[in-house]
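Notes follow the structure.
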Amino acid sequence: MLSCNSVYTPKKKGYFKIDLPQHSYQKFDRPGYPYTFEYPAYANVVQDSTYFEEQPENPYWINVDVPRFNAKVYISYNEIGGKARYKVRTKDGKYVDSVGVNKFVDLMEGSYKLTFKHSLKATSIDDSVFVTPNGVNGIWFKIGGNAATASQFLVSDSVKHFLRGALYFDAPPNEDSLSVVNQFLQEDVRHLINTLKWR
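In case it helps, our numbering puts the sequence shown at residues 587 to 785.
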(Lines of atoms letter the chains of each structure in order from A; the text may use other names.)
(Lines give C-alpha, C1' and ligand atoms only; values in the text may rest on other atoms or scores of the structure.)
Protein backbone atom coordinates (compact mmCIF):
# COMPACT_ATOMS: atom_id res chain seq x y z
CA MET A 587 0.00 0.00 0.00
CA LEU A 588 1.36 3.42 -0.94
CA SER A 589 0.97 6.53 1.15
CA CYS A 590 2.54 9.92 1.70
CA ASN A 591 3.92 9.13 5.15
CA SER A 592 0.65 10.12 6.77
CA VAL A 593 -1.03 8.12 9.47
CA TYR A 594 -4.24 6.43 8.35
CA THR A 595 -7.24 7.36 10.45
CA PRO A 596 -10.27 5.09 10.16
CA LYS A 597 -13.51 6.94 9.59
CA LYS A 598 -16.62 6.05 11.52
CA LYS A 599 -19.77 5.08 9.75
CA GLY A 600 -22.65 7.37 10.53
CA TYR A 601 -26.21 8.09 9.54
CA PHE A 602 -27.90 11.37 8.74
CA LYS A 603 -29.66 13.20 11.54
CA ILE A 604 -33.40 12.86 11.09
CA ASP A 605 -35.65 15.67 12.24
CA LEU A 606 -38.74 14.13 13.78
CA PRO A 607 -42.00 16.06 13.99
CA GLN A 608 -44.09 16.34 17.15
CA HIS A 609 -46.59 13.51 17.48
CA SER A 610 -50.03 14.84 16.58
CA TYR A 611 -53.06 12.96 15.33
CA GLN A 612 -56.23 13.21 13.30
CA LYS A 613 -59.24 10.91 13.20
CA PHE A 614 -59.96 8.36 10.49
CA ASP A 615 -63.75 8.14 10.47
CA ARG A 616 -64.94 7.39 6.93
CA PRO A 617 -68.63 6.59 6.53
CA GLY A 618 -69.32 2.90 6.02
CA TYR A 619 -66.00 1.67 7.40
CA PRO A 620 -66.29 -0.87 10.24
CA TYR A 621 -63.58 0.84 12.31
CA THR A 622 -62.26 4.26 13.35
CA PHE A 623 -58.86 5.26 14.73
CA GLU A 624 -56.45 8.16 15.04
CA TYR A 625 -53.42 8.39 12.76
CA PRO A 626 -50.51 10.87 12.44
CA ALA A 627 -51.26 14.36 11.14
CA TYR A 628 -48.21 13.99 8.85
CA ALA A 629 -49.69 10.88 7.20
CA ASN A 630 -52.36 10.18 4.58
CA VAL A 631 -54.89 7.36 4.47
CA VAL A 632 -55.42 5.86 1.02
CA GLN A 633 -57.50 2.90 -0.03
CA ASP A 634 -55.36 -0.11 -0.93
CA SER A 635 -55.92 -0.71 -4.64
CA THR A 636 -53.78 -3.83 -5.10
CA TYR A 637 -52.88 -6.83 -3.01
CA PHE A 638 -50.00 -8.71 -4.65
CA GLU A 639 -51.22 -7.44 -8.04
CA GLU A 640 -54.84 -8.44 -7.35
CA GLN A 641 -57.84 -6.57 -6.06
CA PRO A 642 -58.08 -6.48 -2.25
CA GLU A 643 -60.73 -8.69 -0.72
CA ASN A 644 -62.88 -5.76 0.39
CA PRO A 645 -62.90 -1.94 0.26
CA TYR A 646 -61.77 -1.63 3.90
CA TRP A 647 -58.11 -2.42 3.15
CA ILE A 648 -56.17 0.82 3.50
CA ASN A 649 -52.64 2.16 3.77
CA VAL A 650 -51.49 4.83 6.18
CA ASP A 651 -48.78 6.54 4.11
CA VAL A 652 -46.08 8.54 5.85
CA PRO A 653 -44.32 10.12 2.84
CA ARG A 654 -41.83 12.06 4.97
CA PHE A 655 -40.22 8.74 6.00
CA ASN A 656 -41.09 6.60 2.94
CA ALA A 657 -43.15 4.42 5.27
CA LYS A 658 -46.55 2.74 5.12
CA VAL A 659 -48.75 0.91 7.55
CA TYR A 660 -50.62 -1.66 5.47
CA ILE A 661 -53.98 -2.41 7.05
CA SER A 662 -56.20 -5.29 6.01
CA TYR A 663 -59.66 -5.90 7.43
CA ASN A 664 -61.76 -9.05 7.30
CA GLU A 665 -65.22 -9.67 8.61
CA ILE A 666 -65.29 -12.91 10.57
CA GLY A 667 -67.97 -15.10 9.03
CA GLY A 668 -67.90 -12.99 5.87
CA LYS A 669 -67.08 -14.17 2.37
CA ALA A 670 -63.42 -14.95 1.73
CA ARG A 671 -61.44 -15.48 -1.44
CA TYR A 672 -58.73 -18.13 -1.36
CA LYS A 673 -56.18 -19.54 -3.75
CA VAL A 674 -56.37 -23.32 -3.94
CA ARG A 675 -53.59 -25.39 -5.49
CA THR A 676 -54.74 -27.99 -8.02
CA LYS A 677 -53.10 -31.36 -8.65
CA ASP A 678 -51.17 -29.95 -11.61
CA GLY A 679 -49.62 -27.25 -9.38
CA LYS A 680 -51.68 -24.31 -10.63
CA TYR A 681 -53.71 -22.04 -8.38
CA VAL A 682 -57.39 -21.32 -8.84
CA ASP A 683 -59.72 -18.96 -7.00
CA SER A 684 -62.04 -20.42 -4.42
CA VAL A 685 -64.66 -18.82 -2.19
CA GLY A 686 -65.14 -19.65 1.47
CA VAL A 687 -65.91 -18.10 4.83
CA ASN A 688 -63.52 -16.12 7.02
CA LYS A 689 -62.97 -18.12 10.18
CA PHE A 690 -61.25 -16.53 13.16
CA VAL A 691 -58.77 -19.40 13.53
CA ASP A 692 -57.83 -19.19 9.82
CA LEU A 693 -57.31 -15.43 10.00
CA MET A 694 -55.09 -15.84 13.07
CA GLU A 695 -53.10 -18.60 11.41
CA GLY A 696 -52.68 -16.51 8.25
CA SER A 697 -51.42 -13.55 10.29
CA TYR A 698 -48.84 -15.69 12.06
CA LYS A 699 -47.70 -17.17 8.73
CA LEU A 700 -47.25 -13.71 7.20
CA THR A 701 -45.30 -12.52 10.22
CA PHE A 702 -43.05 -15.56 10.42
CA LYS A 703 -42.17 -15.36 6.71
CA HIS A 704 -39.70 -12.73 7.95
CA SER A 705 -37.84 -15.29 10.08
CA LEU A 706 -35.29 -15.79 7.27
CA LYS A 707 -33.86 -12.30 7.91
CA ALA A 708 -35.12 -11.65 11.44
CA THR A 709 -32.92 -12.18 14.47
CA SER A 710 -35.99 -12.42 16.69
CA ILE A 711 -39.78 -12.35 16.55
CA ASP A 712 -41.49 -11.54 19.83
CA ASP A 713 -45.24 -11.45 20.24
CA SER A 714 -47.17 -9.90 23.09
CA VAL A 715 -50.88 -9.91 23.83
CA PHE A 716 -52.57 -6.63 24.74
CA VAL A 717 -55.96 -5.07 25.46
CA THR A 718 -56.45 -1.41 24.49
CA PRO A 719 -58.22 1.23 26.61
CA ASN A 720 -61.21 0.73 24.26
CA GLY A 721 -61.33 -3.00 25.10
CA VAL A 722 -59.89 -4.16 21.77
CA ASN A 723 -57.79 -7.35 22.03
CA GLY A 724 -54.70 -7.88 19.95
CA ILE A 725 -51.19 -9.19 19.42
CA TRP A 726 -48.11 -7.04 18.76
CA PHE A 727 -45.21 -8.58 16.83
CA LYS A 728 -41.75 -7.04 17.28
CA ILE A 729 -39.35 -8.27 14.61
CA GLY A 730 -35.61 -7.80 15.16
CA GLY A 731 -32.81 -7.73 12.63
CA ASN A 732 -32.78 -6.64 9.00
CA ALA A 733 -36.26 -7.91 8.18
CA ALA A 734 -38.50 -5.97 5.80
CA THR A 735 -40.75 -4.98 8.71
CA ALA A 736 -39.98 -4.36 12.37
CA SER A 737 -43.53 -4.34 13.69
CA GLN A 738 -46.84 -5.95 12.87
CA PHE A 739 -50.07 -6.32 14.77
CA LEU A 740 -53.50 -7.82 14.70
CA VAL A 741 -56.64 -6.81 16.57
CA SER A 742 -59.98 -8.56 16.78
CA ASP A 743 -63.12 -9.03 18.79
CA SER A 744 -63.00 -12.74 17.69
CA VAL A 745 -66.67 -12.57 16.65
CA LYS A 746 -67.03 -10.08 13.79
CA HIS A 747 -63.95 -7.89 13.24
CA PHE A 748 -60.36 -8.83 12.35
CA LEU A 749 -57.78 -6.19 11.43
CA ARG A 750 -54.11 -6.74 10.67
CA GLY A 751 -51.40 -4.13 10.18
CA ALA A 752 -47.73 -4.04 9.24
CA LEU A 753 -45.25 -1.15 9.12
CA TYR A 754 -42.94 -1.15 6.09
CA PHE A 755 -40.35 1.27 4.73
CA ASP A 756 -39.63 1.82 1.05
CA ALA A 757 -35.91 1.38 1.73
CA PRO A 758 -33.45 -1.49 2.06
CA PRO A 759 -34.00 -3.09 5.48
CA ASN A 760 -31.23 -1.97 7.82
CA GLU A 761 -32.09 -2.16 11.49
CA ASP A 762 -29.45 0.38 12.52
CA SER A 763 -30.23 3.11 10.00
CA LEU A 764 -34.01 2.78 10.41
CA SER A 765 -34.09 2.43 14.21
CA VAL A 766 -34.82 6.09 15.06
CA VAL A 767 -37.67 6.39 12.55
CA ASN A 768 -38.87 2.88 13.40
CA GLN A 769 -39.18 3.71 17.10
CA PHE A 770 -40.87 7.00 16.27
CA LEU A 771 -43.45 5.41 13.95
CA GLN A 772 -44.05 2.49 16.29
CA GLU A 773 -45.39 5.06 18.78
CA ASP A 774 -47.80 6.21 16.08
CA VAL A 775 -48.85 2.65 15.29
CA ARG A 776 -49.48 1.98 18.98
CA HIS A 777 -51.56 5.17 19.15
CA LEU A 778 -53.55 3.97 16.12
CA ILE A 779 -54.20 0.66 17.88
CA ASN A 780 -55.09 2.27 21.23
CA THR A 781 -57.64 4.58 19.59
CA LEU A 782 -59.19 1.92 17.33
CA LYS A 783 -62.92 1.33 17.80
CA TRP A 784 -65.25 -1.08 16.03
CA ARG A 785 -68.57 0.01 14.54
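Each residue gets a CB set at the ideal place from its N, CA and C atoms; glycine is no exception.
- Note that the C-beta distance between Leu-749 and Leu-740 is below 8 Å.
- One alpha carbon belongs to Ser-763, the other to Glu-643, and they sit about 34 Å apart.
- When beta bridges are read from the DSSP output, Pro-626 appears opposite Tyr-611.
- The continuous stretches of beta strand (DSSP E) do not include Asn-768, which lies in the alpha helix (DSSP H) extending over residues 761–781.
- In chain order, Thr-622 place their CB closer than 7 Å to the CB of Asp-615, counting only its own chain and leaving out the 5 sequence neighbours on each side.
- Relative to Lys-746, the option among Ser-635, Phe-770, Lys-689 and Tyr-660 whose CA is nearest is Lys-689.
- By the Cβ test, the region 697–714 is not in contact with the region 673–682, since fewer than three Cβ pairs between them sit closer than 8 Å.
- Counting only runs of 3+ residues, the beta strand (DSSP E) found wholly inside the region 671–705 occupies 681–687, in chain order.
- Where Ser-635 is concerned, there is no enclosing beta strand (DSSP E), because DSSP gives it neither an H nor an E.
- Leaving aside the five residues that flank Lys-613 on each side, the residues in its chain whose CB is nearer than 7 Å to its CB run, in chain order, Thr-622 and Glu-624.
- Beta-bridge partners assigned by DSSP to Ala-708: Gly-731.
- Taking a contact as a CB-CB distance under 8 Å, the pair Ala-627 and Leu-771 does not count as one, their CB atoms being some 13 Å apart.
- DSSP, reduced to helix, strand and coil, places Arg-654 within a helical segment of the structure shown.
- When secondary structure is reduced to three states using DSSP, Arg-616 falls in the coil class, being assigned neither helix nor strand.
- When DSSP states are grouped into helix, strand and coil, Ser-737 belongs to the strand group.
- The straight-line gap separating the alpha-carbon atoms of Trp-726 and Ser-610 is approximately 22 Å.
- Approximately 18 Å separates the beta-carbon atoms of Ser-737 and Asn-723; this is outside 8 Å, ruling out the contact.
- Between Tyr-646 and Tyr-594, the alpha-carbon positions lie close to 58 Å from each other.
- Rounded to the nearest angstrom, the Cβ distance from Asn-664 to Leu-693 is 6 Å, consistent with a contact under 8 Å.
- Annotated three-state conformation of Leu-753 is strand, per DSSP.
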